[in-house]
DNA sequence: CAATTAATATCAGAAATTATGATAATAGCA
DNA sequence: TGCTATTATCATAATTTCTGATATTAATTG
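Protein chains in written order, with the numbering used here: chain D, 68 to 359; chain C, 68 to 359.
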């Protein structure tokens with residue numbers, strides 16, 4: 068039965084154009100390649116090359132086989148790359164839990180960089196609300212967490228502050244609050260507030276409930292849609308809201324006690340005393356520069 | 068360097084759960100598998116199995132390698148399937164030119180059947196207007212053509228009549244013709260007709276231009292859209308028009324001289340005196356039953 | 001707990017595969 | 001017409017893989 072060496076000879080012969088050149092490149096002797104290709108042809112019962120001319124030229128059938136051979140060899144390269152990555156201790160998978168509010172424009176660039184540097188390591192994104200994330204990190208269900216900080220710090224996980232993310236108070240353009248020039252906290256109280264909340268019912272500390280009425284979602288994109296549907300007002304990450312504000316689908320409220328964007332701190336969470344592989348460490352370092 | 072046999076041993080051991088069972092299945096002796104796996108582990112410098120227990124169990128690293136090994140073996144199977152298909156003379160590719168009006172509901176089933184029977188043969192669909200197709204067949208640019216027949220028969224290509232395809236005369240619901248109970252040919256003349264025409268400006272014989280004014284497209288789906296936009300009336304394949312008629316987006320005209328659906332003949336075209344491989348012949352036979 | 005069963009590891013020699021080096025034949029080229 | 005570079009073939013050498021025997025051990029059974 069043919070082996071990978073045979074396929075390698077075949078592909079390399081096509082590449083270089085001759086058996087001799089292939090032999091030189093693979094560190095073999097010409098007759099080895101000649102016999103190797105011949106035995107491959109016998110095994111497959113297909114004539115791969117037309118030898119009537121000086122340089123062997125692919126037959127139609129040969130070029131069809133070539134596609135498969137190349138594809139097999141590519142995967143062998145992948146396998147070898149994977150073993151190299153295993154030897155250097157790279158993880159099979161890195162799991163990142165993040166608040167959907169933190170799907171910043173820079174993030175895809177980081178993921179691309181990850182894919183370039185750790186091509187055989189899988190990346191799993193768990194998108195949940197901030198209050199649920201520290202539990203996932205603690206339980207070892209994810210390697211890293213990316214959250215909007217909470218007041219009470221969980222000392223069982225490592226915290227790394229990476230910056231502040233500006234939030235805007237917004238409502239629908241036809242919402243009663245939109246027509247008001249200046250708003251105080253008391254003005255907001257009568258209207259329904261839309262708040263992020265984890266599935267375990269703990270709210271986000273940075274944004275304590277202000278209004279008497281509040282609705283909850285565990286995803287900022289849902290809240291985004293609810294604001295635009297006029298269901299209430301909310302604090303939303305500026306990078307999410309700005310797009311809709313520019314399209315006049317949302318209105319940014321002018322709040323008196325809030326003359327600069329309210330910017331809660333963002334943190335990376337990582338389990339304490341756990342072995343971190345190079346891919347997790349790389350991701351951790353990159354996430355530090357998520358906020359400019 | 069490891070070989071495909073090694074990978075096969077590895078995958079089969081995982082499958083069967085033991086070296087002995089793997090050996091039985093692969094027609095080898097137990098020690099061959101034991102040594103084979105051991106040498107694979109040396110080559111990769113990875114411990115694939117944990118032997119502390121009776122049955123070897125995959126290590127975390129081993130299961131990562133397994134994915135790659137399986138994927139390589141799958142492709143080797145594909146290569147072998149391809150050689151089998153080459154030996155039986157199957158084509159690398161079948162090219163079918165068809166009128167977009169003939170994208171009948173049965174067609175995808177035929178394509179699925181093709182994919183099952185000829186998994187390594189590519190299928191290329193060239194979607195052009197009927198009048199252009201016989202030229203493509205004649206020039207050898209496609210293997211098969213599927214057309215609405217034309218009056219003048221091109222004797223340089225083989226014709227095979229497979230049935231009639233009903234057409235309906237339609238217009239937009241708010242078109243002036245829609246309100247008329249009975250229509251004669253003379254009634255149609257003043258209104259713009261939308262006609263299929265190939266890129267070489269020859270019209271379709273089955274539908275000679277009736278109105279003084281006509282617009283042209285080389286694709287029935289375009290004509291479909293134009294009819295619904297009220298740009299004119301047209302003869303459309305029933306299977307295309309019925310859907311829109313049911314939704315009241317089109318109106319079927321009641322034409323006096325046309326008490327049954329007008330059903331032009333459909334033909335398959337195939338080049339004369341050309342070698343046809345099994346895939347082309349299969350497709351040819353299946354297309355014969357395209358029209359029930 | 002002892003006996004049994006079925007599995008794995010190891011090893012030396014056999015078998016098979018693959019590589020080598022020499023040689024002959026030939027296509028392309030100056 | 002030589003010259004060069006290439007391919008095919010062949011006997012032999014080297015390497016790899018397989019075989020069959022044996023020792024050991026993990027589960028199972030009574």
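Ideal Cβ placement from N, Cα and C applies to all residues, glycine included.
CA-to-CA, the gap between residue 68 of chain C and residue 198 of chain D works out to about 51 angstroms. For residue 112 of chain D, the chain C residues whose C-beta falls within less than 8 angstroms of its own C-beta are 150, 154, listed in chain order.
The beta carbons of residue 133 of chain D and residue 146 of chain D sit about 20 angstroms from each other, so the pair does not count as a contact at 8 angstroms.
For residue 117 of chain D, no CB of chain C lies under 8 angstroms from its own CB, so it is not counted at the interface with that chain. Using a Cβ-Cβ cut-off of 8 angstroms, residue 132 of chain C is close to 146, 149, 150, 153 of chain D, given in chain order. Counting along the chain, residue 260 of chain C sits inside the beta strand (DSSP E) bounded by residues 260–263.
A contact is defined here as three or more CB-CB pairs under 8 angstroms, and the region 175–188 of chain C fails this definition with respect to the region 232–248 of chain C. Residue 207 of chain D is classed as exposed because its beta carbon has fewer than 16 other beta carbons within 10 Å across all chains shown. DSSP places residue 287 of chain C within a helical segment (H, G or I) once states are collapsed to three.
The beta carbon of residue 338 of chain D lies closer than 8 angstroms to those of 204, 205, 207, 210, 224, 225 in the same chain, with the five residues before and after it left out.
The three-state secondary structure of residue 215 of chain D, taken from DSSP, is strand. Residue 333 of chain D is positioned such that its CB atom lies no closer than 8 angstroms to that of residue 351 of chain D. Against chain D, the CB of residue 313 of chain C has no partner CB under 8 angstroms away; the residue lies outside that interface. Our two residues, residue 316 of chain C and residue 220 of chain C, have alpha carbons roughly 37 angstroms apart in a direct line. For residue 189 of chain D, the enclosing beta strand (DSSP E) starts and ends at 189–194. In terms of Cα proximity to residue 136 of chain C, the closest of C:111, C:152, C:154, C:157 is C:111.
When DSSP states are grouped into helix, strand and coil, residue 103 of chain D belongs to the helix group. Interface flag for residue 174 of chain D against chain C is unset, since no Cβ pair is found closer than 8 angstroms. Residue 358 of chain C has its alpha-carbon roughly 46 angstroms from the corresponding atom of residue 107 of chain D.
Residue D:154 holds the alpha-carbon nearest to the alpha-carbon of residue 114 of chain C among D:314, D:323, D:154. Neighbours of residue 139 of chain C in chain D, taken as residues whose beta carbon is under 8 angstroms from its own, are 139, 142, 143, 146 in chain order.
Scanning its chain for C-beta atoms nearer than 8 angstroms, with the 5 sequence neighbours on each side dropped, one finds around residue 72 of chain D the residues 103, in chain order. Rounded to the nearest whole angstrom, the C-alpha separation of residue 157 of chain C and residue 201 of chain D is 59 angstroms.
DSSP, read as helix, strand or coil, puts residue 117 of chain D in strand. Using beta-carbon distances, residue 181 of chain D does not count as an interface residue toward chain C, since no partner is under 8 angstroms. For residue 330 of chain D, the CB contacts under 8 angstroms within the same chain, skipping 5 residues up- and downstream, are 231, 232, 233, 234 in chain order. Excluding five sequence positions before and after residue 92 of chain C, the CB atoms of its chain that fall closer than 7 angstroms to its own CB belong to 79, 83, given in chain order. Here residue 231 of chain D carries a strand assignment [DSSP, helix/strand/coil]. The criterion of a C-beta distance shorter than 8 angstroms is not satisfied by residue 283 of chain D and residue 259 of chain D.
Listed in chain order, the non-local C-beta contacts of residue 261 of chain D below 8 angstroms within the same chain comprise 281, 282, 283, 284, 290, 293, 294, 298, 299, 300, 301, local neighbours out to five positions each way being set aside.
Rounded to the nearest angstrom, the gap between the Cα atoms of residue 70 of chain C and residue 141 of chain C is 15 angstroms.
For a cut-off of 8 angstroms, the C-beta gap from residue 346 of chain C to residue 159 of chain D is around 41 angstroms, too long to register as a contact. Look at residue 159 of chain C: its C-beta is under 8 angstroms from a C-beta on chain D. In this structure, the beta-carbon distance from residue 287 of chain C to residue 307 of chain C falls below 8 angstroms.
Residue 323 of chain D is not a Cβ neighbour of residue 237 of chain D, given a cutoff of 8 angstroms. Residue 70 of chain C reaches chain D at 70, 71, 72, counting residues in chain order whose Cβ is nearer than 8 angstroms.
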